[in-house]
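Chains as they are written, first to last, in my numbering: chain B, 1427 to 1569; chain G, 1427 to 1569; chain Y, 1427 to 1569.
Idealized CB from N, CA, C, for every residue including glycine.
Structure, as structure tokens:
In structure tokens, the structure reads:
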């Protein structure tokens, strides 16, 4: 299979309730379905440095609970080693968490659909204690 | 250089022997060579949440040994803090390891070949104790 | 919006001063501006396994200071657990840091420009104690 590629792009935003996970798989899958592409990639990007995008297990909610608990221990709030705390004890930890994960996720488009595995979901991970409106861009490159 | 892009996609699977690394550089390089693209990107994706894809040193096997030993210490099996242990003490650590690394790797295609650095290899990192058959999708976008 | 895609590719190098961060946002933005693409993605890649690319806060220099201090504690130099120390106590830590971050960063192109968020910058993170000349490839896929 070898087909000429085109670009489709969407922007949207997510209002997070504070630290934790918001699944966005459905929004990305809908963009792919509407674009009518058979094969390619879906790139999702967050324009912030204190939240991130991850792909993880979408069934048991304990997985997300444990992810948050694990990273809170790995990157402690209010660590006296941090110089940067302009916005509070969760400011620098949010930047570190974002760097240890990623500002983007790229998932293939296969047979006209977003090809997440059966147990995979795309999540926006808010790393600040308080909620924020987060801007995202989805870029589809496909044929 | 500015050339019209097209998409070529392949799926394949890897049978892992349990925790550790399986190099897939050759498989990806072969897809690139067969596609006849001069410039672009090769996106490799795993459809699972308990293994991941990394790019690391391809010469000294001690590097992979040390990576596995390091992450086993960073993300301990059977930590009593985990709620999610449906599939055993390596279940939740596998999800955490996958989130701290990545479900995908993207490498440029330059001058008709996969442009890994001299010392770079693409590895599937199995995070479960037992072996699994892992599904992968390679999406080439190039000209 | 749905437009035919093309590929534009550039290679460049950065001479790092040793451990720390070199911002490359401007170089990437310039490639995007010159390519004349309205929408797509910019993929930046480093061909090495002991430095990495991250997207983080571009304003307060304390953020980068704290990132370096945090990761130096998380991945200690000269840990007796490492077998691989051919090039010194910072050899294996550099590979681990690279795996915990990434060899690439992908940022959307929106409205003809590199769409970094207001507070986002793309940084090459040198993980070796001494400086190195680092090779990078920028691949733009867009319309």
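Could you tell me whether any Cβ in chain B is nearer than 8 Å to the Cβ of residue i?
| i | result |
| --- | --- |
| residue 1453 of chain Y | no |
| residue 1481 of chain Y | yes |
| residue 1528 of chain G | yes |
| residue 1550 of chain Y | no |
Pop quiz: residue i and residue j are said to be a contact at Cβ under 8 Å. What is the actual Cβ separation, rounded to whole angstroms?
| i | j | result |
| --- | --- | --- |
| residue 1431 of chain Y | residue 1535 of chain Y | About 11 Å; that fails the 8 Å criterion. |
| residue 1616 of chain G | residue 1453 of chain G | Since the first and last residues shown for chain G are 1427 and 1569, residue 1616 of chain G lies out of range. |
| residue 1486 of chain G | residue 1510 of chain Y | 6 Å |
| residue 1493 of chain B | residue 1525 of chain G | 6 Å |
| residue 1445 of chain B | residue 1552 of chain B | 6 Å |
| residue 1435 of chain B | residue 1481 of chain B | Actually they are not in contact, since the Cβ atoms of residue 1435 of chain B and residue 1481 of chain B sit about 21 Å apart, beyond 8 Å. |
Can a CB atom of chain G be found closer than 8 Å to the CB of residue i?
| i | result |
| --- | --- |
| residue 1466 of chain B | yes |
| residue 1433 of chain Y | yes |
| residue 1502 of chain Y | no |
| residue 1525 of chain Y | yes |
| residue 1430 of chain Y | yes |
| residue 1489 of chain B | yes |
| residue 1553 of chain Y | no |
Candidates the options: which alpha carbon is nearest residue i's?
| i | options | result |
| --- | --- | --- |
| residue 1433 of chain B | B:1514, B:1464, B:1520 | B:1464 |
| residue 1455 of chain Y | Y:1560, Y:1557, Y:1537, Y:1559 | Y:1537 |
| residue 1530 of chain Y | Y:1473, Y:1523, Y:1460 | Y:1473 |
| residue 1539 of chain G | G:1549, G:1525, G:1451 | G:1451 |
| residue 1566 of chain B | B:1449, B:1462, B:1440 | B:1462 |
| residue 1589 of chain B | B:1500, B:1486, B:1490 | With chain B represented from 1427 up to 1569, any question about residue 1589 of chain B goes unanswered, as that position is not in the structure. |
| residue 1560 of chain B | B:1543, B:1568, B:1443 | B:1443 |
| residue 1496 of chain Y | B:1492, B:1520, B:1488 | B:1520 |
| residue 1557 of chain Y | Y:1458, Y:1477, Y:1569 | Y:1477 |
| residue 1475 of chain G | G:1466, G:1542, G:1458, G:1516 | G:1516 |
| residue 1499 of chain Y | Y:1479, Y:1549, Y:1523 | Y:1523 |
| residue 1471 of chain Y | Y:1549, Y:1555, Y:1568 | Y:1549 |
| residue 1543 of chain B | G:1466, G:1544, G:1562, G:1541 | G:1562 |
| residue 1518 of chain B | B:1505, B:1488, B:1564 | B:1505 |
| residue 1507 of chain B | Y:1555, Y:1488, Y:1503, Y:1507 | Y:1488 |
Would you give the residue range spanned by the alpha helix (DSSP H) that residue i belongs to?
| i | result |
| --- | --- |
| residue 1519 of chain B | 1517-1526 |
| residue 1491 of chain Y | 1487-1500 |
| residue 1453 of chain B | 1451-1461 |
Can you give me the start and stop residues for the beta strand (DSSP E) that residue i sits inside?
| i | result |
| --- | --- |
| residue 1483 of chain Y | 1477-1483 |
| residue 1437 of chain B | 1432-1441 |
| residue 1566 of chain G | 1559-1568 |
| residue 1513 of chain B | Element bounds for residue 1513 of chain B: n/a, residue is neither H nor E. |
| residue 1467 of chain G | 1465-1472 |
| residue 1544 of chain B | Looking at the DSSP string, residue 1544 of chain B is not in any beta strand (DSSP E), and its letter there is neither H nor E. |
| residue 1532 of chain G | 1530-1536 |
Determine the chain Y residues that contact residue i at a beta-carbon separation under 8 Å, and present them in chain order.
| i | result |
| --- | --- |
| residue 1492 of chain G | 1507, 1508, 1509, 1510, 1518, 1521, 1522 |
| residue 1565 of chain G | None at all; the shortest Cβ gap to chain Y is about 11 Å. |
Would you mind telling me which residues of chain G sit closer than 9 Å to residue i, beta carbon to beta carbon, in chain order?
| i | result |
| --- | --- |
| residue 1557 of chain B | None at all; the shortest Cβ gap to chain G is about 22 Å. |
Which residues in chain Y sit within 7 Å of residue i, going by Cβ to Cβ distance?
| i | result |
| --- | --- |
| residue 1471 of chain B | 1533, 1534 |
Find the residues of chain B that neighbour residue i, judging by a C-beta separation of less than 8 Å, and give them in chain order.
| i | result |
| --- | --- |
| residue 1541 of chain Y | 1471, 1473, 1563 |
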